[in-house]
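Visitor: Sharing a structure, written as C-alpha cells. Questions coming.
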Amino acid sequence: EIGENMPYVDLGKNKVVDVQAGEYFTCALFDNKKVKCWGYNYAGQLGYEDVEYRGDAPNEMGENLKFVDVGEDVKKLDVGRRHVCVLTVSNRLKCWGGNSRGQLGSGATQNIGMTKGSMGESLPYVNVGEGEIKDFHAGSLHTCVEFESGSIKCWGYNSNGELGLG
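My numbering puts the first residue of the sequence shown at 43, with every later residue one more than the last.
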C-alpha cells in the first residue's frame with residue numbers, strides 16, 4: 043500500500059501545480075489555472091453546485107472530474123476545514139463551501155457551492171476593502187488575507203482569538 047505500491051490519483055491530462063487537503067476532501071490547482079476538487083461534499087466545498095461526493099465511485103476521476111467553475115482563472119488555492127478559497131488572476135479572493143462561522147467572507151453564514159447557479163460568475167468576490175492582496179490562508183473555520191502593505195485582515199470563527207481582534 044505504500045511506496046511503489048501506492049497508486050497515483052488520476053486527475054486527467056493537466057499538470058498539478060498545487061494540492062490542498064481539507065477535512066475529508068482535496069483540491070488541486072493545475073497549470074491551466076483551473077481547480078478540481080474531490081471527496082466529501084457535505085457543504086458544497088467541492089464547488090460543483092451539489093452535495094455529491096466525488097472520487098468514491100468508478101468513472102468519477104480523471105477527465106470525468108470536471109474543473110470547478112469559479113468565473114475566472116486561479117493563481118492560488120487554499121482550503122480550510124470545509125471551505126475553499128482561491129486568489130484569481132485579477133488578484134481578488136473568492137470562497138465557497140461551509141460557512142457556518144462566516145469564513146467565506148460573504149457577510150452571511152449560508153454555505154455556497156451546494157445549489158445550481160451559486161458558482162461561476164455568481165460566486166462573489168470577498169470584499170476585503172482597499173489594498174493589494176499579497177497572500178491568503180484558509181484556516182479551519184476562518185480565513186485571513188495578507189496585503190502588500192504588510193497588514194492582515196481575518197474573518198470567521200473567533201473562539202480562541204484566532205482573528206486577533208482582542
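Don't be surprised by glycine CBs; every beta carbon is placed ideally from N, CA and C.
Note that the coordinates shown come from a computational prediction; the quantities given were computed from them, not determined experimentally.
Would you say GLY81 reaches chain D, if we count a Cβ-Cβ gap shorter than 7 Å as a contact?
Guide: Chain labels in this structure do not include chain D; a single protein chain is all it has.
Visitor: Can you tell me whether GLU102 is helix, strand or coil according to DSSP?
Guide: Locating residue 102 in the sequence shown gives position 60, where the first residue counts as 1. Coil at GLU102, not helix or strand.
Visitor: Is it buried or exposed for LEU107, if we count other Cβ within 10 angstroms and need 16 for buried?
Guide: The sequence position of residue 107 within the sequence shown is 65, counting from 1. So LEU107 ends up on the buried side.
Visitor: What would DSSP say about GLY122, mapped onto helix, strand or coil?
Guide: In the sequence shown, residue 122 corresponds to position 80, counting from 1. Three-state DSSP puts GLY122 in coil, outside helix and strand.
Visitor: Would you kindly report the start and end of the unbroken beta strand (DSSP E) that includes ALA63?
Guide: As a position in the sequence shown, residue 63 is number 21, starting the count at 1. Taken as a continuous stretch (DSSP letters only), the beta strand (DSSP E) holding ALA63 covers 58 to 63.
Visitor: Is DSSP giving GLU46 helix, strand or coil here?
Guide: As a position in the sequence shown, residue 46 is number 4, starting the count at 1. Here GLU46 sits in helix by DSSP.
Visitor: Note down the Cα distance separating GLY89 from ASN169, rounded to an integer number of angstroms.
Guide: On the sequence shown, position 47 is the one that residue 89 refers to. On the sequence shown, position 127 is the one that residue 169 refers to. C-alpha separation (whole angstroms): 20 Å.
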